[in-house]
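Student: Numbering (the numbering used here), first residue to last: 30 to 146.
Below, the structure written as structure tokens:
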């Protein structure tokens, strides 16, 4: 079997077509359940149990928000990030779960985010 060499422009054109094809496949068959990052104001934060409450228009309709339009839950943040204070803006995603424990409904909210500086 003999070695076959292709001219550089042909190799570059082939590589470009492969990249373009990968991009098109990724955009058509990409992730359908995208996470939406939001920002809200910190209403309160307890550093001892890492419980945070957020307010603002972006949290009013989120699962886990209360009747006052606040979203309260446990905060998960990057260890090196700033500790949130009342009035800070937090960029976050939230996960709310609901389950039955001993016949009683229980809801849990986890807020994952960092202070916007």
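The C-beta atom is built at its ideal place from N, Cα and C for all residues, glycine as well.
Could you please give the first and the last residue of the uninterrupted beta strand (DSSP E) stretch that includes residue 76?
Tutor: Here the question's residue 76 lines up with position 47 in the chain shown. Where residue 76 is concerned, there is no enclosing beta strand (DSSP E), given that its DSSP letter is neither H nor E.
Student: Please classify residue 132: is it buried, with 16 or more other beta-carbons within 10 angstroms of its beta-carbon, or exposed?
Tutor: Here residue 132 is taken as the residue at index 103 of the chain shown, counted from 1. Exposed.
Student: Hey, could you find the ends of the beta strand (DSSP E) residue 130 is sitting in?
Tutor: Counting from one through the chain shown, the residue named residue 130 turns up at place 101. Segment 118-130, the beta strand (DSSP E) holding residue 130.
Student: Take the Cβ of residue 82 as the centre, count every other Cβ of all protein chains shown within 10 Å, and call the residue buried at 16 or more, exposed below.
Tutor: Mapped onto the chain shown, residue 82 falls at position 53. Residue 82 should be labelled buried.
Student: Tell me the residue span of the beta strand (DSSP E) that contains residue 135.
Tutor: Locating residue 135 in the chain shown gives position 106, counting from the first residue. Residue 135 -> beta strand (DSSP E) spans 133-144.
Student: Note the first and the last residue of the continuous beta strand (DSSP E) segment covering residue 103.
Tutor: The residue given as residue 103 occupies position 74 in the chain shown. Residue 103 -> beta strand (DSSP E) spans 100-105.
Student: Cβ of residue 100 within 8 Å of Cβ of residue 112?
Tutor: Residue numbering aside, residue 100 sits at position 71 when the chain shown is read from its first letter. Residue numbering aside, residue 112 sits at position 83 when the chain shown is read from its first letter. Taking 8 Å as the Cβ cut-off, residue 100 and residue 112 do not qualify as a contacting pair.
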